[in-house]
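Colleague: Structure below; questions to follow.
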Amino acid sequence: MAPRFAIPQPLRWLCSALLLAGIMLGGLHADWDFSQISRKAEALYGPLGAGQQRIDDWQQLLASRQSLGEAEQLKVVNLFFNRQLRYREDTDLWHQVDYWATPIESLWKGAGDCEDYAIAKYFSLRHLGVSADKLRITYVKAVRLNRAHMVLTYYSSPDAMPLVLDSLIDAIEPASVRTDLLPVYAFNAEGVWLPGAQGNKKVSDTKRLSRWQDVLKKMQAEGFPLETTQ
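To convert a position in the sequence shown, counted from 1, into the working numbering, add 814.
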C-alpha cells in the first residue's frame, strides 16, 4: 500500500539514529554471493518458484552492466524493475498496512508497491557503483492520484536538477518536468532532506528510519554483506 500522505507524519518515522542507514548493503567493495542469497532466501521464505528466475535475471543484469555509464545504468535498472514487478498494495501482498520489502522479497513475489520499486532500484545502482550521495529515496505527493508516492531520485552533482526514476512511467525525466509530483522528504544512507525554496536542506544525520532499518536487517539475513560507506 502507498504510504499515507501527511507532511508531518513521515517525520515521525525518523525515530532511532540513521547510524544503521549509514551501514550500506552491497557497497562498492563487497561482492554479492547470489548462490548463498538464494539459499538463505529459500530458508526464510520457502520455495522461490518463479522468483528464482527473476533473482537470476537481476544477478545477470548487475553482472553485465558494471561498465556502463551512469545514465545507461539508470535506464536499465529502472526498466528492469518496472517490467519485473507488478503493482500490489501492501495489504494484499503482505497483509500489513505499510511494509518495506527487500529487493529479494519483491522479486520473489514479482510484485510490490512504490517504495519497493524505489528500494530495489536504489540498492541495484549502489551495487553498480553509483555513490550514495547521488541517490535519494524520495517521498512525494502524486498530485493526479492525490496520494503519497515514492520514487528514486538521482543527482549527477549536488546542485543538479534530479532525475526521477518512477514505477508509474518508464521514462526518466527531470524533476522540473514532473510537476505532478510534490516532494515531501528524501533520505539515503547519509541523511534526511526536506525540500525548500533554497533547495533541499539536510535535517538529520543522527536519526534512523525504523522501516529502513528493518530492510537492512532483512537483507543481512538474506546474505547480503554489510559495509560502512566512506
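A virtual CB, placed ideally from N, CA and C, is assigned to each residue, including glycine. All values reported here derive from a predicted model rather than from experimental measurement.
Could you spell out where the beta strand (DSSP E) holding Asn-1050 opens and where it closes?
Modeller: A question about residue 1050 goes unanswered here, because the residues of the chain that appear run from 815 up to 1044.
Colleague: For the candidate residues Leu-921, Ala-985 and Tyr-913, whose alpha-carbon lies nearest to that of Val-890?
Modeller: Checked all of Leu-921, Ala-985 and Tyr-913; the closest Cα to Val-890 is Ala-985.
Colleague: Assuming Asp-947 and Glu-886 are in contact, meaning their beta carbons sit under 8 Å apart, how far apart are those beta carbons, in whole angstroms?
Modeller: Actually they are not in contact, since the Cβ atoms of Asp-947 and Glu-886 sit about 20 Å apart, beyond 8 Å.
Colleague: Under three-state DSSP, which class holds Ala-989?
Modeller: DSSP places Ala-989 in coil when its eight states are reduced to three.
Colleague: Specify the secondary structure class of Tyr-936 as computed by DSSP and reduced to three states.
Modeller: helix
Colleague: Can you find the residues in the same chain that come closer than 6 Å, C-beta to C-beta, to Lys-1031, ignoring five residues on each side of it along the sequence?
Modeller: none
Colleague: CB-CB under 7 Å to Asp-783, same chain, minus the five flanking residues each way: which ones, in chain order?
Modeller: Outside the displayed range of the chain (815 to 1044) lies residue 783, so it cannot be described from this structure.
Colleague: Please give me, in chain order, every unbroken run of the beta strand (DSSP E) with length at least 3 that falls completely inside the segment 956 to 980.
Modeller: As summarised for the segment 956 to 980, the continuous beta strand (DSSP E) elements at least 3 residues long and confined to that stretch are 961 to 968 and 977 to 979, given in chain order.
Colleague: Does the distance from the CB of Val-1017 to the CB of Val-1006 come in under 8 Å?
Modeller: yes
Colleague: State the Cα-Cα distance for the pair Ser-878 and Phe-894, rounded to the nearest angstrom.
Modeller: 13 Å
Colleague: Tell me the start and end of each unbroken beta strand (DSSP E) in the segment 872 to 931 that is at least 3 residues and wholly inside, in chain order.
Modeller: none
Colleague: DSSP state of Lys-1021, grouped into three classes?
Modeller: In this prediction, Lys-1021 has a pLDDT of 49, which is less than 50 and means its spatial position is unreliable; nothing more can be read from the coordinates.
Colleague: Tell me the DSSP bridge mates of Lys-1016?
Modeller: According to DSSP, which records beta bridges pairwise, Lys-1016 is partnered with Trp-1007.
Colleague: Express the C-alpha separation of Lys-955 and Phe-1001 in angstroms, rounding to a whole number.
Modeller: Rounded to whole angstroms, Phe-1001 to Lys-955 spans 16 Å at the Cα level.
Colleague: Identify the continuous alpha helix (DSSP H) that holds Ser-945 and give its terminal residues.
Modeller: From DSSP, Ser-945 is part of no alpha helix (DSSP H); its letter is neither H nor E.
Colleague: Take Val-1029 and list the residues in its own chain whose beta-carbon comes closer than 7 Å to its own, dropping the five residues that flank it on each side.
Modeller: Trp-914, Thr-916 and Ile-933
Colleague: How long is the line joining the alpha carbons of Gly-1037 and Arg-940, rounded to whole angstroms?
Modeller: 17 Å
Colleague: How is Ile-983 classed by DSSP in three states: helix, strand or coil?
Modeller: coil
Colleague: Taking all protein chains shown into account, do 16 or more other C-beta atoms lie within 10 angstroms of the C-beta of Gln-1027, making it buried, or fewer, making it exposed?
Modeller: Classified as buried, Gln-1027 has 16 or more neighbouring CB atoms from the shown chains inside 10 Å of its CB.
Colleague: Tell me which same chain residues have a C-beta within less than 8 Å of the C-beta of Ile-869, skipping the five on either side of it?
Modeller: Phe-848, Ile-851, Ser-852, Ala-855, Leu-862, Ile-918, Leu-921 and Trp-922
Colleague: Which residues in the same chain as Lys-1015 place their Cβ atom closer than 7 Å to its Cβ, once the five residues preceding and following it in sequence are excluded?
Modeller: Trp-1007 and Leu-1008
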